[in-house]
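Below is one structure, written out as structure tokens, with a few remarks after it.
In this note's numbering, the protein residues as written are 300 to 448.
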């Protein structure tokens with residue numbers, strides 16, 4: 300699985316911890332920034348991650364800002380991106396199992412590192428369950444087709 304990760308200044312510290320964790324597990328993770336806690340605009344980084352997920356260049360993306368909310372809003376502007384703000388292992392698993400989320404957005408100012416790493420593990424280990432959820436994803440794709448012309 301090929302992953303891409305980015306943060307803004309509010310998520311920088313947590314992003315660094317996630318990258319260290321993923322690389323310790325020999326996971327392929329492309330870091331596109333930021334490289335410090337200097338203030339930046341989160342949409343610039345969310346856009347780059349979401350574009351690569353949308354085109355299939357990478358399989359999944361991880362976004363980290365202060366709350367995860369702004370990053371998720373931006374990422375969901377891209378066709379085929381299903382970005383979820385997750386706050387615990389349960390929402391991480393459900394975002395994959397029921398929604399086939401291909402991007403997660405985490406809050407560097409609301410999650411401690413241990414909780415965030417458990418969230419990432421749960422999200423990466425959970426598969427989409429299909430079944431009745433497939434029908435719902437197809438409806439989402441129909442809405443995208445109608446609105447993303």
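Heads up, the beta-carbon is just placed ideally off N, CA and C, and yes, glycines get one too. Note that the coordinates shown come from a computational prediction; the quantities given were computed from them, not determined experimentally.
Over what stretch of residues does the alpha helix (DSSP H) that includes residue 319 continue unbroken? Residues 311-323.
Margin query: Please report the straight-line C-alpha distance between residue 373 and residue 415, rounded to a whole angstrom.
Written below: So the alpha carbons of these two residues sit roughly 21 Å apart.
Bridge-paired residues (DSSP) for residue 306: Residue 306 pairs with 363.
query: Over what stretch of residues does the beta strand (DSSP E) that includes residue 403 continue unbroken?
result: It spans 402-406 - the beta strand (DSSP E) in which residue 403 sits, taken as one unbroken run.
- Reference residue 429; option with closest CA among 329, 387, 325, 395: It is 395.
- prompt: Looking only at C-alpha atoms, which of 439, 380, 365, 388 sits nearest to residue 349?
  reply: Closest option to residue 349, Cα to Cα, is 380.
What does a CB cutoff of less than 6 Å around residue 303 pick up in its chain, not counting 5 residues either side in sequence? Excluding positions up to five away in sequence, the list reads 329, 348, 351, 357, 360.
Per the contact definition of three or more C-beta pairs closer than 8 Å, is the segment 424-441 in contact with the segment 386-404?
-> When C-beta atoms of the segment 386-404 are compared with those of the segment 424-441, three or more pairs fall below 8 Å, so the two segments count as touching.
- Item | Residue span of the alpha helix (DSSP H) that contains residue 413, given as start and end | Run containing residue 413: 412-424, per the alpha helix (DSSP H) assignment.
(request) With residue 384 as the anchor, note down where its alpha helix (DSSP H) starts and where it stops. (result) No alpha helix (DSSP H) holds residue 384; the beta strand (DSSP E) holding it covers 382-384.
Quiz item: What does DSSP give as the partner residues of residue 301 in its beta bridges?
Solution: 327, per the DSSP bridge assignment.
Subject >> Nearest residue (CA-CA) to residue 389, options 301, 436, 369, 420 >> reply: In terms of CA proximity to residue 389, 420 leads the group 301, 436, 369, 420.
Exercise. Give me the Cα-Cα distance between residue 407 and residue 365, rounded to the nearest whole angstrom.
Key: One C-alpha to the other measures close to 5 Å.
Q) For the candidate residues 443, 392, 410, whose alpha-carbon lies nearest to that of residue 425? A) Check the Cα spacing between residue 425 and each of 443, 392, 410: the tightest is with 392.
Three-state class that DSSP yields for residue 343 in the structure shown = In the structure shown, residue 343 sits in a helix (DSSP, three-state: H, G or I).
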